[in-house]
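Heads up: the sequence shown is residues 1 to 195, going by my numbering. C-beta: ideal position from N, C-alpha, C; glycine also. Take a look at the structure below.
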Amino acid sequence: MITDALPVCITYVDANQRYRFANRTYEEWFGRSRGVEVLTRLTYAVVPAFVSRGSGTIINIASIVAVAPETLNGVYGGTKAFVLAFSQSLRHELANTGIRIQVVLPGATSTNFWSIAGTPVEHLPQEIVMSVDDMVDAALAGLDEGEFATIPSLSDIEQWEAYEDARQALLPNLSRTTPANRYRDRHGQASYTFS
Numbered sequence: 001m002i003t004d005a006l007p008v009c010i011t012y013v014d015a016n017q018r019y020r021f022a023n024r025t026y027e028e029w030f031g032r033s034r035g036v037e038v039l040t041r042l043t044y045a046v047v048p049a050f051v052s053r054g055s056g057t058i059i060n061i062a063s064i065v066a067v068a069p070e071t072l073n074g075v076y077g078g079t080k081a082f083v084l085a086f087s088q089s090l091r092h093e094l095a096n097t098g099i100r101i102q103v104v105l106p107g108a109t110s111t112n113f114w115s116i117a118g119t120p121v122e123h124l125p126q127e128i129v130m131s132v133d134d135m136v137d138a139a140l141a142g143l144d145e146g147e148f149a150t151i152p153s154l155s156d157i158e159q160w161e162a163y164e165d166a167r168q169a170l171l172p173n174l175s176r177t178t179p180a181n182r183y184r185d186r187h188g189q190a191s192y193t194f195s
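As structure tokens, this is what we get:
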């Protein structure tokens with residue numbers, strides 16, 4: 001099988017619409033979100049071979065919109081958040097298998113994405129647009145450094161680490177047997193009733 005010989009799988013979910021959510025039909029948005037299925041299928045195709053041989057690298061290209069979904073539309077942000085969450089889960093599930101997982105979160109990159117989305121890249125503030133070559137070089141440097149998450153334009157990696165530390169700190173508090181105190185009335189009971 002061809003997947004037996006692959007050392008690296010690189011995925012990219014295309015959902016490149018800058019339009020507001022309400023300005024498109026369900027069918028248009030659904031077509032854009034199909035990339036999530038493709039990413040999942042590609043990953044599913046390579047993981048068994050990677051696990052079997054105890055090595056392999058999966059590089060998933062997300063976007064900074066994965067952590068800042070309000071900067072574009074909900075479908076684009078949602079698909080990129082899926083890529084990040086999927087990568088985080090894979091990293092956890094495939095720990096100790098010899099498989100490396102990297103997720104790349106580029107900012108605005110000088111590609112035809114912008115023209116297709118309705119805003120030529122020339123119309124963006126040029127100080128936020130990275131060249132494709134620089135983005136790829138940074139992603140590969142991050143891979144060489146062993147980074148799980150590579151954000152090519154983020155100068156201070158401690159900002160990402162603080163974000164990740166805050167996310168990890170939430171985990172033990174996200175599921176409990178009782179609602180948080182702020183959702184309870186003064187008698188210790190849930191304060192909302194359905195009629």
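For residue i, which beta-bridge partners are listed by DSSP?
| i | result |
| --- | --- |
| residue 100 | 57 |
| residue 8 | 57 |
For residue i, is the classification buried or exposed, using 16 other Cβ atoms within 10 angstroms of its Cβ as the cut-off for buried?
| i | result |
| --- | --- |
| residue 163 | exposed |
| residue 10 | exposed |
| residue 183 | exposed |
| residue 83 | buried |
| residue 75 | buried |
| residue 72 | buried |
| residue 79 | buried |
| residue 155 | exposed |
| residue 87 | buried |
| residue 39 | buried |
If residue i and residue j are in contact, beta carbons under 8 angstroms, what's the gap, nearest whole angstrom?
| i | j | result |
| --- | --- | --- |
| residue 13 | residue 36 | 6 angstroms |
| residue 135 | residue 109 | 5 angstroms |
| residue 132 | residue 119 | Between residue 119 and residue 132 the Cβ distance is about 17 angstroms, and since that is not below 8 angstroms, they are no contact. |
Mind checking whether residue i and residue j have CB atoms under 8 angstroms apart?
| i | j | result |
| --- | --- | --- |
| residue 60 | residue 103 | yes |
| residue 125 | residue 138 | no |
| residue 64 | residue 107 | yes |
| residue 160 | residue 169 | no |
| residue 50 | residue 101 | no |
| residue 62 | residue 90 | no |
| residue 81 | residue 95 | no |
| residue 97 | residue 54 | yes |
| residue 278 | residue 56 | Outside the modelled stretch of the chain, which goes from 1 to 195, sits residue 278, for which no answer is possible. |
Following a CB-centred definition, is residue i positioned closer than 7 angstroms to any heavy atom of the ligand SAM?
| i | result |
| --- | --- |
| residue 126 | Ligands in the displayed structure: none, and consequently the ligand SAM is not present. |
> What are the complete beta strand (DSSP E) segments, minimum 3 residues, inside the region 89-161?
Replying inline: 99-104
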